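Data block below; observations after.
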Amino acid sequence: MLKFAIIGFGGLGKVHFNCVPTVTEAHPDIKLVAVCDIEPKAFETQTETNLGANDTKLDFTGLNLYHSPEELFEKEELDFVISALPTYEHSRIAVMALNKGIHVFSEKPMARTLEQGREMIDAAKKNNKVLMIGQCLRYMHPYQIAKEYIDNGKYGKVVRADFYRLSMFPVWGWNNWYSNDDWSGGAVLDLHVHDVDFINWAFGRPKSVKTTVTNFKGKHDTVSTDYEYDGVTVTAMADWSLPDVYPFTRAFRIHFEQAVLELNSEGLILYTETGEKEVIATNGLSPYANEMIDFVQCIKENRWSTINNPDTAYQTIEIVLAEKISGDEKRSVNL
Numbered sequence: 502m503l504k505f506a507i508i509g510f511g512g513l514g515k516v517h518f519n520c521v522p523t524v525t526e527a528h529p530d531i532k533l534v535a536v537c538d539i540e541p542k543a544f545e546t547q548t549e550t551n552l553g554a555n556d557t558k559l560d561f562t563g564l565n566l567y568h569s570p571e572e573l574f575e576k577e578e579l580d581f582v583i584s585a586l587p588t589y590e591h592s593r594i595a596v597m598a599l600n601k602g603i604h605v606f607s608e609k610p611m612a613r614t615l616e617q618g619r620e621m622i623d624a625a626k627k628n629n630k631v632l633m634i635g636q637c638l639r640y641m642h643p644y645q646i647a648k649e650y651i652d653n654g655k656y657g658k659v660v661r662a663d664f665y666r667l668s669m670f671p672v673w674g675w676n677n678w679y680s681n682d683d684w685s686g687g688a689v690l691d692l693h694v695h696d697v698d699f700i701n702w703a704f705g706r707p708k709s710v711k712t713t714v715t716n717f718k719g720k721h722d723t724v725s726t727d728y729e730y731d732g733v734t735v736t737a738m739a740d741w742s743l744p745d746v747y748p749f750t751r752a753f754r755i756h757f758e759q760a761v762l763e764l765n766s767e768g769l770i771l772y773t774e775t776g777e778k779e780v781i782a783t784n785g786l787s788p789y790a791n792e793m794i795d796f797v798q799c800i801k802e803n804r805w806s807t808i809n810n811p812d813t814a815y816q817t818i819e820i821v822l823a824e825k826i827s828g829d830e831k832r833s834v835n836l
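Set out below in structure tokens:
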């Protein structure tokens with residue numbers, strides 16, 4: 502039996518908590534034994550994020566509750582942890598767990614700095630443990646379909662690809678940590694990183710980035726980037742300075758030589774050069790459950806994920822941090 506704990510019980514911690522039954526169905530030999538959060542009321546209240554109201558059933562029967570990772574590691578024998586802590590704590594807790602011989606799933610973004618990300622990878626390799634970063638788009642069906650079409654050339658080469666991610670400002674974080682750029686990295690590192698990771702996964706590392714940022718409600722709260730590739734135009738835009746009533750929006754438009762694939766409010770739509778419009782059915786499965794199922798399988802097979810290797814998550818952070826430099830210094834940055 503593989504015993505595990507969830508560290509951080511805010512919005513994403515509760516999302517992972519809700520996914521436990523699905524993951525356990527796929528892997529009956531795992532058991533959640535503890536949940537940890539610094540804030541006692543996290544165990545008593547819901548957390549509403551840009552994904553909407555959380556309806557977590559706050560039933561901790563048979564679970565031990567902790568308020569510090571140090572106490573958790575001291576008192577529990579764990580095989581793996583799910584870390585859903587604020588970004589600035591990702592590296593510290595991951596390295597601590599890995600050095601104790603515990604496999605680590607750590608939420609995105611990988612870390613606040615490249616040095617922290619490298620420390621995580623080095624600790625995983627030194628201790629022969631599995632490390633995975635929560636880049637959930639790699640497990641979300643519309644994005645998997647897009648990646649498949651890009652790879653197999655079914656509709657020809659990609660001419661242009663544009664990605665969008667829009668949100669209210671994240672006011673739900675503990676101690677308002679999202680508003681501190683040193684802690685969160687702003688919308689560039691926290692919100693925008695999803696699309697950057699998909700771009701990195703689907704198209705590879707760009708030659709350079711040219712970014713515009715604005716500092717409206719906080720530092721780096723909007724971002725718009727052009728990525729340099731040979732033969733294809735790729736852009737991405739994110740904004741978390743929108744009014745509270747603005748709905749969370751994720752979208753993309755990928756223009757192939759023979760079709761356009763678009764994710765919008767209607768769903769995943771394919772428009773072909775022959776004049777057809779098709780709504781592509783997607784499975785609706787939780788990407789959070791899917792990534793955890795993959796993570797546990799990797800632990801059982803003592804290997805890193807072939808879908809979501811931490812080395813590529815590190816590369817995504819490298820791209821995003823280059824975007825911050827480009828936006829601040831108003832110049833292209835080579836990679």
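Residue numbers for the sequence shown follow this note's numbering, so the first one is 502 and each next one is one higher.
Cβ atoms here follow ideal geometry from the backbone N, Cα and C, with glycine treated the same way.
None of the values given here were measured: they were computed from a predicted structure.
Residue Lys558 holds the alpha-carbon nearest to the alpha-carbon of Thr546 among Lys720, Lys558, Cys537, Val536. Looking at the DSSP output, Val710 sits in a beta bridge with Tyr728, Val834. Only exposed fits Ile781, as fewer than 16 other CB atoms lie within 10 angstroms of its CB.
Taking every protein chain shown into account, the CB of Gly602 has fewer than 16 other CB atoms within 10 angstroms, so this residue is exposed. Residue range 750-757 is occupied by the beta strand (DSSP E) that includes His756. In this chain, Leu564 is not harboured by any alpha helix (DSSP H), its DSSP state being neither H nor E. Remark: C-beta atoms of Phe796 and Val596 do not approach each other more closely than 8 Å. Relative to Ala739, the option among Lys718, Thr750, Tyr772, Val733 whose CA is nearest is Thr750. Pairing Ser607 with Gly635 gives a Cβ-Cβ distance under 8 Å. If you draw a straight line from the Cα of Ala790 to the Cα of Asp731, it is about 35 Å long. Nearest to Glu777 by C-alpha distance, out of Trp702, Ala543, Ala760, is Ala760. Within the DSSP secondary-structure output, Phe664 pairs in a beta bridge with Ala737, Phe753. For the pair Leu503 and Met621, the Cα-to-Cα distance works out to about 22 Å.
In the structure shown, Ala760 adopts extended strand secondary structure according to DSSP, grouped into three states. In this structure the region 705-717 does not lie against the region 670-679, because fewer than three pairs of beta carbons, one per stretch, are closer than 8 Å. Phe717 and Lys825 have their C-alpha atoms roughly 15 Å apart. Look at Ala782 here: in three-state DSSP terms it is coil, with no helix or strand label. In the three-state reduction of the DSSP assignment, Ser787 falls in the coil class, being assigned neither a helical nor a strand state. The alpha-carbon separation between Lys576 and Phe518 amounts to approximately 21 Å. Note on geometry: alpha-carbon atoms of Glu819 and Leu615 lie some 7 Å from one another. Collapsing the DSSP output to three states places Met633 in a strand.
The alpha-carbon of Tyr747 is positioned some 43 Å away from that of Glu802. Nearest to Arg832 by C-alpha distance, out of Thr734, Val714, Leu564, Asp698, is Val714. Under the three-state reduction of DSSP, Ala535 is assigned to strand. Of the other Cβ atoms in all chains shown, 16 or more fall within 10 Å of the Cβ of Gly674; this residue is therefore buried. In this structure, DSSP gives Val659 an extended state, which the three-state scheme calls strand. Secondary-structure assignment with DSSP links Gly828 through no beta bridge to anything. Annotation: the continuous beta strand (DSSP E) that includes Val605 extends over 604-608.
The three-state secondary structure of Lys542, taken from DSSP, is helix. Linking Gly686 to Ala598 through their CA atoms gives a straight-line distance of about 24 Å. Per the DSSP secondary-structure output, Phe717 pairs with nothing in a beta bridge.
Here DSSP, grouped into helix, strand and coil, assigns Ser584 to strand. If you look at Tyr644, you'll find it in the alpha helix (DSSP H) that goes 642-653. Shown here, Asn810 sits in coil according to DSSP, grouped into three states, outside any helix or strand.
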